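The next block holds one structure in the form of structure tokens; read it before the comments.
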Amino acid sequence: MSRLSVRGVTVSLILLSWIRVTGTCRTKKTWPKTFTQEELKKRLSPMQFHVTQERGTESAFRGEFADHKEEGIYVCVVCGAPLFRSETKFDSGSGWPSFYDLMKQESVAATDDFSHGIHRVEVTCSQCGSHLGHLFDDGPKPTGKRYCINSASLGFQAKDASSAPSHPTSAERGGAGAGAGRGAVTGGVAGGGAGAGAVIEGVAGGKTEL
């Protein structure tokens, strides 16, 4: 009985570790919105596809929204789901867009990530499962959280925009297919390629990188 009890506790701890209290947790089979890889390759830039679908990382300080200060809402570049308000964005010194809070707790799904030999918490869009970045516990008050997000995974809807997005959609850039609805589909990182995520384990500006 004691052996079974210990195993039961172990299983429970593993499950509790997997189900994070920040954000929702889903399996990839339960995303409300789904897209084919062919469709996404047509309407996303190579960097956007690499980051959101292949869990890539753009180079620090090179992303379109790293120093972006316009008021509005940041959305998922793939499905247009609202993720962060501009007032929660702050300069973390990491080189990636950083936010201390979500628009809604269910905006993202958070899961343990043990890639590259370290433990981090990956955040993905709760609507389509696209990779966004990682969550750290070194952010400012009141939450103490830092959502370290790739610019390539984000679109932006300006506060005063009526209907047109503040950044060109993929169609306007000459890409095939439509953009992601409410959010502007932004371009890839200048000079970045699919291998730009090779710096993941370093430290930039005193902060752990994506």
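If you're matching positions, the sequence shown starts at 2 in the working numbering and goes up one per residue. Backbone N, C-alpha and C define an ideal beta-carbon position, used for all residues, glycine too. Predicted model, so just to flag it, every value in this text is computed and none were measured.
Give the DSSP-derived three-state secondary structure of residue 158 in the structure shown. Strand.
Residue span of the alpha helix (DSSP H) that contains residue 135, given as start and end: Judged by DSSP secondary structure, residue 135 falls outside any alpha helix (DSSP H) and instead within the beta strand (DSSP E) spanning 132-137.
Which residues mark the beginning and the end of the alpha helix (DSSP H) in which residue 141 is found? Counting along the chain, residue 141 sits inside no alpha helix (DSSP H), nor does DSSP assign it H or E at all.
Per-residue DSSP class, three states only, for residue 147: Strand.
Residues near residue 142 in its chain [Cβ-Cβ closer than 7 Å; skip 5 each side]: Contacts found: none.
From the DSSP output, read off the bridge partner residues of residue 52. Answer is none; residue 52 lacks a bridge partner.
Cutoff 6 Å; reference residue 70; Cβ partners in own chain excluding five residues on either side: Within the same chain, no Cβ atom closer than 6 Å to the Cβ of residue 70 is found once the five residues on either side in sequence are excluded.
Inter-residue Cα distance where the pair is residue 121 and residue 159: Straight-line spacing of the CA atoms in residue 121 and residue 159 works out to 31 Å.
Going by C-alpha distance, which of 72, 76, 107, 118 is nearest residue 91? Of the candidates 72, 76, 107, 118, 72 places its Cα closest to the Cα of residue 91.
In the DSSP output, what is residue 123 paired with across the bridge? Beta-bridge pairing by DSSP links residue 123 to 112, 135.
Just to confirm before moving on: does the CB-CB distance between residue 111 and residue 136 stay below 7 Å? Their beta carbons are under 7 Å apart, which means residue 111 touches residue 136 by this criterion.
Helix, strand or coil for residue 99, going by three-state DSSP, please let me know. Note: residue 99 maps to strand in three-state DSSP.
With H, G and I counted as helix, E and B as strand and the rest as coil, what does DSSP make of residue 84? Residue state, collapsed to three classes: strand.
Quick check on residue 182: does DSSP put it in helix, strand or coil? Only weak support exists for where residue 182 lies, its pLDDT of 36 falling under 50; the value from the coordinates is given anyway. Note: residue 182 maps to coil in three-state DSSP.
Do residue 53 and residue 154 come within 7 Å of each other at the CB atom, strictly closer than that value? For residue 154 and residue 53, yes; Cβs fall inside 7 Å.
Using DSSP's beta-bridge definition, name the partner residues of residue 77. Answer is 155, bridged to residue 77.
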